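Undergrad:
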């Protein structure tokens, strides 16, 4: 089920009142919410409900075993089994063929014609997200950050439909305590919830889908057929598209969860306003950045073992983060590019500190220059991220410079407007947005409903026909 | 900025207000969008429970909404935005039959034949057809090609254009015109004959590559409103008529046509339909001397004639030819299909071998 569809609207119209009605009786509410979430997930492919249930059962059992283990080594061993199980499922569905084909082609290059078996595997939607959430549970039990919870509570956490298929990655310690303290039905932040849902829909249905169909897909499909102007605009358009698509989804997820009484962590914070690559990762897919920091970078040693080890850990974290996004070397290259940039920034920072130079507040002009540099660096990374192959990526880079003078029919007023809106909306002053939200939250229910209804009609009319799947469903 | 806020200014309201607002928003959006929602319900596969429920629910709502003129704002908005109505009236596939197929002089007195055999398979035209010389496009007088169809056209179209540009004798007549989720089964959802005519008038191609059928594994209604169960003999007759009509629309414009079948997919049930569809397309192409057929179905199947994500290229490298959805093509699959189409075009025109 996709959020911005009539099917989901009907589904949520049933789930929302029933959820609040059943909330005073947790023994009924939990199975109800699990059932609703499985219907939501199974709508796409009922077979994979079994996988979701299996991941849930597996991690709940191992969470208990880790907790009960008496020695530290026993806890470590139990955690290792749980993590291996999770990563095996993820590896099978997401990376098995990538690995087999890479080995096959390497062997062929060595003149060893060993035909590796190729598996016909369908990638279950959202597997990376619910696997990461399950991992956070067992690892945090091992670290004694969370206590094991009853199975039904854990199942609600893993399957809760607003975050199930594309995040945000909500950690056990953020979600589970909210199930203990029942939300107050008299104080729900309606202004914030509806604001996020409507602007999330707008970003996804109008901006993202328009950019995807009008310029991004055609240009990335065949860069050599397009002019330099089209390739420049398509590159910026993809930056706007992926932001609108993914932040639009998480905005809707956060708003829907809020209506159900659950608060999710923030996932985006104006990423294209970043003044360094490190700053970008504090603002882009923040829940993934935190996950990689806490469960990968720090366990690898973080910055505790000297400069070289820090660079190695940064690179490893970003390369694995790249591969998390998809089974392709172009994602690894994207991760490597960001890892290299983070190492460079660390190196500069260390040199400055070694010279004893104080960190100064940059001037406004310098802030804008830094933003411009970082944004263009991020866009260069997006070329690898979006390109299906390295040859497409190189063709894109070449086309940026050597195809001037050709006609550019794909660069239209509506495309430019959507690019500006997709990137520019991150620069709207926060106070203005908050004031609008507060004002909206004070409207009467009738005025709120009427304005929401009109907004839905407007978004539906402005968007292209049909809703494309969210980009991050595939990750 | 328009991201999740970090402020904690509380605007708490009773959830009852939220439920009222949410339900009211749905009612308002449903009433104002009633015609659009009814159209979308009608676009669902004939005979499916979703379509039956959707149409039964939306029909009375659309009537009430229309009576109260509540659909006018959306109509005005669509008109302002230049959106057109989805539905097609009458029989959009009425073409008056195939054009005169007597071999005519055309840049050297040439005709095409009935089966280009994009996979290097099949015969060459119906018995008795002359096997004339082929026109030879040149740099000075290149062949203008237009690729048009469903998402499959969007997959391989640009790869074909690239082959054309590399050859210097074939060039795109216009951007690939593809419409996702469309086909010939549902002219009420998307009017392909009308779209094709508009494209021909706009781009004046010399050759049109049509790729349709991926979304046609569903029941149809004939011109009299009779329900045609998918793959029934009546369905086959009607679908073949529609495929023929699409070819004739191209041929009547003076262009020639290459028709690409849907590829084999990961879904066995759908493959039964696609296998039938490709045979119907091949039959229609065989009857028209200036039409060629590309069998994408068998082009992309495995050695044991089943679905595969991976094929082996001419260098012996295992290459991924399909996307993970099991329907669409990966870049290498696009290149492979583009070469097959080029091969089929070569049965109509004298073309150089593709580079690479």
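Chains as they are written, first to last, in our numbering: chain Z, 1 to 475; chain V, 476 to 831.
Quick reminder that beta carbons are idealized off the backbone N, C-alpha and C, glycines included.
Note that the structure is a prediction, hence the values are computed from the model and not measured.
Does the Cβ of residue 372 (chain Z) have 16 or more other Cβ atoms within 10 Å, making it buried, or fewer, making it exposed?
TA: Exposed, because fewer than 16 other Cβ atoms sit within 10 Å of the Cβ of residue 372 (chain Z).
Undergrad: Where does residue 310 (chain Z) land, buried or exposed, given buried means 16+ other C-beta within 10 angstroms?
TA: Result: buried.
Undergrad: CA-CA distance, residue 709 (chain V) and residue 674 (chain V)?
TA: For residue 709 (chain V) and residue 674 (chain V), the distance between alpha carbons rounds to 30 angstroms.
Undergrad: Could you tell me whether the segment 250 to 268 of chain Z touches the segment 193 to 206 of chain Z, using the rule of 3 or more Cβ pairs below 8 angstroms?
TA: Counting Cβ pairs under 8 angstroms, three or more are found: they touch.
Undergrad: Output yes or no for whether 9 angstroms exceeds the beta carbon distance between residue 3 (chain Z) and residue 203 (chain Z).
TA: In this structure, residue 203 (chain Z) does not lie closer than 9 angstroms to residue 3 (chain Z) by Cβ.
Undergrad: Might you give, ordered along the chain, the residues of its own chain that have their beta carbon closer than 7 angstroms to the beta carbon of residue 582 (chain V), omitting 5 neighbours on each side?
TA: Here the model assigns residue 582 (chain V) a pLDDT of 33, short of 50, so the residue's position is not dependable, and the following value carries that caveat. Cβ within range, chain order: 610.
Undergrad: Residue 803 (chain V) to residue 775 (chain V), Cα distance in whole Å?
TA: Whole-angstrom Cα-Cα distance: 11 angstroms.
Undergrad: Roughly how far, in whole angstroms, is the beta-carbon of residue 440 (chain Z) from the beta-carbon of residue 42 (chain Z), given that I think they are within contact range, below 8 angstroms?
TA: In fact, because the Cβ distance is near 34 angstroms, the residues do not count as touching under 8 angstroms.
Undergrad: At the 9 angstroms Cβ level, is residue 647 (chain V) part of the contact set with chain Z, yes or no?
TA: It does: the Cβ of residue 647 (chain V) has a partner Cβ on chain Z nearer than 9 angstroms.
Undergrad: Alpha carbon to alpha carbon, what distance is there between residue 323 (chain Z) and residue 329 (chain Z)?
TA: Distance between the alpha carbons of residue 329 (chain Z) and residue 323 (chain Z): 8 angstroms.
Undergrad: Considering just the uninterrupted stretch of the beta strand (DSSP E) at residue 683 (chain V), what are its terminal residues?
TA: 682 to 686 is the extent of the beta strand (DSSP E) around residue 683 (chain V).
Undergrad: Among V:779, V:706, V:638 and V:732, which one has its Cα closest to the Cα of residue 222 (chain Z)?
TA: The residue with the shortest Cα to Cα distance from residue 222 (chain Z) is V:638.
Undergrad: What is the rounded straight-line gap between the Cα of residue 366 (chain Z) and the Cα of residue 126 (chain Z)?
TA: Computed Cα separation, rounded: 40 angstroms.
Undergrad: Answer yes or no: do residue 275 (chain Z) and residue 415 (chain Z) have a C-beta to C-beta separation smaller than 9 angstroms?
TA: Contact flag unset, no.
Undergrad: Chain Z partners of residue 504 (chain V), CB-CB under 7 angstroms?
TA: By Cβ distance, chain Z contributes 453, 456 and 457.
Undergrad: List the residues of chain Z that residue 511 (chain V) touches, going by C-beta distances under 8 angstroms, in chain order.
TA: Going along chain Z in sequence order, the residues near residue 511 (chain V) (Cβ under 8 angstroms) are 460.
Undergrad: Can you tell me which residues form a DSSP beta bridge with residue 503 (chain V)?
TA: Partner(s): none; residue 503 (chain V) has no beta bridge.
Undergrad: Residues of the segment 12 to 32 of chain Z in Cβ contact with chain V at a cutoff of 8 angstroms, in chain order, please.
TA: Within the segment 12 to 32 of chain Z, the qualifying residues are 12, 13, 16, 17 and 20.
Undergrad: If you reduce the DSSP assignment to three classes, tell me which class residue 95 (chain Z) lands in.
TA: Three-state result, residue 95 (chain Z): helix.
Undergrad: Does residue 449 (chain Z) come within less than 9 angstroms of chain V when only Cβ atoms are used?
TA: By this cut-off, residue 449 (chain Z) is an interface position.
Undergrad: Please report the distance separating the alpha-carbon of residue 106 (chain Z) from that of residue 490 (chain V).
TA: Distance between the alpha carbons of residue 106 (chain Z) and residue 490 (chain V) is about 59 angstroms.
Undergrad: Using the rule of at least 16 other Cβ atoms within 10 Å of the residue's Cβ for burial, across every protein chain shown, is residue 744 (chain V) buried or exposed?
TA: That one is exposed.
Undergrad: Could you name the residues of chain Z that residue 640 (chain V) contacts, counting a contact when the two beta carbons are closer than 8 angstroms?
TA: Within 8 angstroms Cβ-Cβ: 224 and 225.
Undergrad: Please report the distance separating the alpha-carbon of residue 150 (chain Z) from that of residue 30 (chain Z).
TA: If you take the alpha carbons of residue 150 (chain Z) and residue 30 (chain Z), they lie about 11 angstroms apart.
Undergrad: So, does the CB of residue 501 (chain V) fall closer than 9 angstroms to a CB anywhere in chain C?
TA: As a matter of chain content, chain C is missing from the structure shown, whose protein chains are Z and V.
Undergrad: So, at 6 angstroms on beta carbons, what are the nonlocal neighbours of residue 268 (chain Z) in its own chain, with the 5 sequence-adjacent residues on each side left out?
TA: Contacts found: 247.
Undergrad: What is the rounded straight-line gap between the Cα of residue 295 (chain Z) and the Cα of residue 464 (chain Z)?
TA: Looking at the two C-alpha atoms, the distance is approximately 40 angstroms.
Undergrad: Closer than 9 angstroms, CB to CB, is residue 279 (chain Z) near chain V or not?
TA: Not closer than 9 angstroms to any Cβ of chain V, the Cβ of residue 279 (chain Z) fails to qualify, so no.
Undergrad: Who pairs with residue 787 (chain V) in a beta bridge, going by DSSP?
TA: Answer by DSSP bridge pairing, in chain order: V:793.
Undergrad: Measuring CA to CA, which of Z:399, Z:19 and Z:56 is closest to residue 235 (chain Z)?
TA: The candidate whose alpha carbon is nearest that of residue 235 (chain Z) is Z:399.
Undergrad: Quickly, what does DSSP pair residue 619 (chain V) with across the bridge? List them, please.
TA: Partner(s): V:646.
Undergrad: Measure from the C-beta of residue 365 (chain Z) to each C-beta in chain V and report whether the shortest distance is under 9 angstroms.
TA: No, residue 365 (chain Z) lies away from the interface with chain V (no Cβ there is under 9 angstroms from its Cβ).
Undergrad: What does a CB cutoff of less than 6 angstroms around residue 692 (chain V) pick up in its chain, not counting 5 residues either side in sequence?
TA: Around residue 692 (chain V): 745 and 748.
Undergrad: Compute the beta-carbon to beta-carbon distance between residue 652 (chain V) and residue 718 (chain V), rounded to the nearest angstrom, for a pair I have assumed lies under 8 angstroms.
TA: Between residue 718 (chain V) and residue 652 (chain V) the Cβ distance is about 18 angstroms, and since that is not below 8 angstroms, they are no contact.
Undergrad: Measure the beta-carbon distance from residue 132 (chain Z) to residue 158 (chain Z) and round it to whole angstroms, keeping in mind my assumption that it falls under 8 angstroms.
TA: Actually they do not touch by this definition, with Cβ atoms about 11 angstroms apart.
Undergrad: Touching or not, the segment 649 to 669 of chain V and the segment 681 to 695 of chain V, by the rule of three or more beta carbon pairs under 8 angstroms?
TA: Result yes; three or more Cβ-Cβ pairs closer than 8 angstroms.
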